[in-house]
Amino acid sequence: MRVVLKLGTSVLTAGTDRLHRPRLVDLLRDIAAVRTAGHEVVLVTSGAVLAGWEALGFPPRDRTLAEKQLLAAVGQGRLMHLYASIAELYGVPVAQVLLTAGDFRDRTRYLNARTTLNGCLTRGVLPIINENDAVATAQLKVGDNDTLSAFVANLVEADLLVILTDAPGLYTADPRTDPDASLIPVVERVTPEVWALAGGAGSHRGTGGMHTKIQAAEIATRAGTPVVIAPGDAEQALPRLLNGEDLGTRFLAHGSRLEARKRWILAEIAAGRVTLDAGAARAIRERGGSLLPAGITAVEGDFRRGQTVRLLAPDGTEIARGLTRYPAADLTRIKGHHSRDIEGILGFTYGPEVVHRDDLVRL
Ligand code: GLU
7 MRVVLKLGTS
17 VLTAGTDRLH
27 RPRLVDLLRD
37 IAAVRTAGHE
47 VVLVTSGAVL
57 AGWEALGFPP
67 RDRTLAEKQL
77 LAAVGQGRLM
87 HLYASIAELY
97 GVPVAQVLLT
107 AGDFRDRTRY
117 LNARTTLNGC
127 LTRGVLPIIN
137 ENDAVATAQL
147 KVGDNDTLSA
157 FVANLVEADL
167 LVILTDAPGL
177 YTADPRTDPD
187 ASLIPVVERV
197 TPEVWALAGG
207 AGSHRGTGGM
217 HTKIQAAEIA
227 TRAGTPVVIA
237 PGDAEQALPR
247 LLNGEDLGTR
257 FLAHGSRLEA
267 RKRWILAEIA
277 AGRVTLDAGA
287 ARAIRERGGS
297 LLPAGITAVE
307 GDFRRGQTVR
317 LLAPDGTEIA
327 RGLTRYPAAD
337 LTRIKGHHSR
347 DIEGILGFTY
357 GPEVVHRDDL
367 VRL
């Protein structure tokens, strides 16, 4: 199973004012254990601002964006250093990936981030993601790591998003003030009633609170990824969840990830047209195969990598729509050629397929 694990500042501090080293050891041991069991893990972590605050000797709290950016810049390296040194004890190599809103909006950057993250997973590297706080301006920020983790879950097409936090899950009322409050084990859909349970922001250390977690759950479940909000202080929360144990609150996905992806491809405006030869058209029509450059006879439009293109049969009828891995200019040069020649012609390759079968919807 491919899982995105989001760790909030309150989990990393274990209720203290500092990054709690023993807690980090426990979390990384759990991550190493589920990796050994065959799962893939992508970590989304907060804690940079806190680590910076700790490093500078706890200066008075100033909530301006500039101050937070400064603290994050100081803390991000220290946070990574801690992760890397503890992960090394478990033989887990790590990578740092800093993302911000623009990286999800710009198709080329989006695809490049996806390639890097998939590459990490293929090579057994644990990607550790945070928002690129030092450069993210107020308008161009994802803003909180719950939402960031949902975007990342979409990006890597995760099978599960696990948000560990300082609450046991979603409650029917605030358990701190209402003795009758009870845990909601399963949420089928994020309805207005569910939103109403979210209340305000949580602890003073992180950015989130239940509101951003519900928002994350809504984003991920819509794209086909179920979400669990579970207590970060529960022993071995991650291994237990991946073993199917019920912990915290589980939000069910709407339909499959592939269906969600295909809906999204069809919702895009096609930016170009690619005409196929009879063999390629048949392979797509009959088997839903991937499109290779060898099967392309003509390229029209000025599209970029990651945009939607129409795939046309030799007689001009549209048979499918899909996301192209090559921009129009490159495609014009490699059309009709075998995939093994791509690198020789372009000087690089984005892989053998022009449109991968998972990125293609037959019409
Ligand atoms: N990116 C921030 C940090 O690392 C955290 C944002 C959040 O708490 O959601 O400190």
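Take the sequence shown: its position 95, counting from 1, is numbered 101 in my numbering, and each next residue is one higher.
Backbone N, C-alpha and C fix where the C-beta goes; we use that ideal spot for every residue, glycine too.
Check this for me: beta carbons of R316 and E324, under 7 Å apart or not? Counted from its first residue, the sequence shown places residue 316 at position 310. Counted from its first residue, the sequence shown places residue 324 at position 318. Yes, the Cβ-Cβ distance between R316 and E324 is below 7 Å.
Are three or more beta carbon pairs between the stretch 248-256 and the stretch 290-299 nearer than 8 Å? Under the Cβ criterion (8 Å, minimum of three pairs), the stretch 248-256 does not count as touching the stretch 290-299.
Is A119 helix, strand or coil when you go by DSSP? Locating residue 119 in the sequence shown gives position 113, counting from the first residue. The answer is helix: DSSP assigns A119 an H, G or I state.
Using DSSP with H/G/I as helix, E/B as strand and the rest coil, what is A222? The sequence position of residue 222 within the sequence shown is 216, counting from 1. It is helical.
For R263, is the classification buried or exposed, using 16 other Cβ atoms within 10 angstroms of its Cβ as the cut-off for buried? Counting from one through the sequence shown, the residue named residue 263 turns up at place 257. Per the 10 Å Cβ criterion, buried.
For Q102, does the three-state DSSP call read helix, strand or coil? The sequence position of residue 102 within the sequence shown is 96, counting from 1. Of the three classes helix, strand and coil, the one that applies to Q102 here is strand, per DSSP.
Using a threshold of 6 Å, is the CB atom of G322 nearer than that to any non-hydrogen atom of ligand 1? Taking the sequence shown and counting its residues from 1, one reaches residue 322 at position 316. Checking the Cβ of G322 against ligand 1 gives no.
Taking the beta carbon of E274 as the centre, do at least 16 other beta carbons fall within 10 Å, making it buried, or is it exposed? One-based indexing of the sequence shown puts residue 274 at position 268. Under this definition E274 is an exposed residue.
Any idea if S52 is buried or exposed, counting beta-carbon neighbours within 10 angstroms, 16 or more meaning buried? Numbered from its first residue, the sequence shown carries residue 52 at position 46. So S52 counts as buried.
Using the three-state DSSP reduction, which class does T178 fall into: helix, strand or coil? Sequence index remark: in the sequence shown, residue 178 carries index 172 (1-based). DSSP, reduced to helix, strand and coil, places T178 outside both helices and strands of the structure shown, so it counts as coil.
Report the option in R339, A286, A319 and L34 whose CA atom is closest to the CA atom of G97. Within the sequence shown, residue 97 is the residue found at index 91, counting from 1. Ranking the options by Cα distance to G97, first place goes to L34.
Assuming the contact rule is C-beta atoms closer than 8 Å, V47 and V40 should be a hit. Round their C-beta distance to whole Å, please. If you number the sequence shown from 1, residue 47 lands on position 41. If you number the sequence shown from 1, residue 40 lands on position 34. For V47 against V40, the beta-carbon gap comes to about 6 Å, under 8 Å, which counts as contact.
Looking at the unbroken beta strand (DSSP E) that takes in N136, where does it start and where does it end? Start at 1 with the first residue of the sequence shown, and residue 136 comes out as number 130. L132 to E137 is the extent of the beta strand (DSSP E) around N136.
Under the three-state DSSP convention, the category E73 falls into: As a working note, residue 73 is residue 67 in the sequence shown. DSSP, reduced to helix, strand and coil, places E73 within a helical segment of the structure shown.
By a C-beta neighbour count over all protein chains shown, 10 Å radius and 16 as the cutoff for buried, is R327 buried or exposed? As a working mapping, residue 327 is identified with position 321 in the sequence shown. With 16 or more other CB atoms across the displayed protein chains lying within 10 angstroms of its CB, R327 is buried.
Please give me, in chain order, every unbroken run of the beta strand (DSSP E) with length at least 3 that falls completely inside the stretch 252-281. 255-257
Are V158 and V10 closer than 7 Å when you measure CB to CB? Stepping through the sequence shown from its first residue, residue 158 is reached at position 152. Stepping through the sequence shown from its first residue, residue 10 is reached at position 4. Their beta carbons are under 7 Å apart, which means V158 touches V10 by this criterion.
I'd like to confirm something about A54: is its beta-carbon nearer than 6 Å to some heavy atom of ligand 1, or not? Here residue 54 corresponds to residue number 48 of the sequence shown, with the count starting at 1. Within the cutoff, so yes.
Please report the straight-line C-alpha distance between V196 and T70, rounded to a whole angstrom. Counting from 1 along the sequence shown, the entry for residue 196 is found at position 190. Counting from 1 along the sequence shown, the entry for residue 70 is found at position 64. For V196 and T70, the distance between alpha carbons rounds to 32 Å.
Are the CB atoms of P133 and V103 within a distance shorter than 7 Å? The residue given as residue 103 occupies position 97 in the sequence shown. The residue given as residue 133 occupies position 127 in the sequence shown. For V103 and P133, yes; Cβs fall inside 7 Å.
Taking 6 Å as the cut-off, is the beta-carbon of E60 closer than that to any non-hydrogen atom of ligand 3? Within the structure as shown, ligand 3 is missing, the only ligands being ligand 1.
Taking R246 as part of the alpha helix (DSSP H), name the residues at either end of that continuous run. To locate residue 246, count along the sequence shown from 1; it is residue 240. Its alpha helix (DSSP H) spans residues A243 to L248.
Anyone know if the C-beta pair for L244 and V234 falls short of 7 Å? Position 238 of the sequence shown holds residue 244. Position 228 of the sequence shown holds residue 234. It is not a contact, given that the beta carbons lie outside the stated cut-off.
Beta strand (DSSP E) runs wholly inside the stretch 303-361, at least 3 long, in chain order: 314-318 and 324-329
Output the distance between the C-alpha atoms of I92 and K74, rounded to the nearest integer angstrom. Indexing the sequence shown from 1 puts residue 92 at position 86. Indexing the sequence shown from 1 puts residue 74 at position 68. Cα to Cα, I92 sits roughly 26 Å from K74.
Going by C-alpha to C-alpha distance, which of E359, R368 and L298 sits closest to K268? The count along the sequence shown starts at 1 and reaches residue 268 at position 262. Residue R368 is the option with its Cα nearest to K268.
Alpha carbon to alpha carbon, how far is D180 from G215? The residue you call residue 180 lines up with position 174 of the sequence shown. The residue you call residue 215 lines up with position 209 of the sequence shown. Our two residues, D180 and G215, have alpha carbons roughly 12 Å apart in a direct line.
Tell me whether D150, by its Cβ, gets closer than 6 Å to a heavy atom of ligand 1. The residue labelled residue 150 in the question sits at position 144 within the sequence shown. D150 Cβ: within cutoff of ligand 1.
Suppose the cutoff is 7 Å on Cβ atoms and the five residues either side in sequence are ignored; what does the same chain contact list for R129 look like? Here residue 129 corresponds to residue number 123 of the sequence shown, with the count starting at 1. Nothing listed; no residue qualifies.
Compute every distance between the C-beta of G15 and the non-hydrogen atoms of ligand 1, then say whether any falls below 6 Å. Start at 1 with the first residue of the sequence shown, and residue 15 comes out as number 9. Reading off the sequence, residue 15 comes out as Thr, not Gly. Correct: T15 has its Cβ closer than 6 Å to ligand 1.
With burial defined as no fewer than 16 other Cβ atoms inside 10 Å of the residue's Cβ, what is the status of A144: buried or exposed? Numbered from its first residue, the sequence shown carries residue 144 at position 138. Under this definition A144 is an exposed residue.
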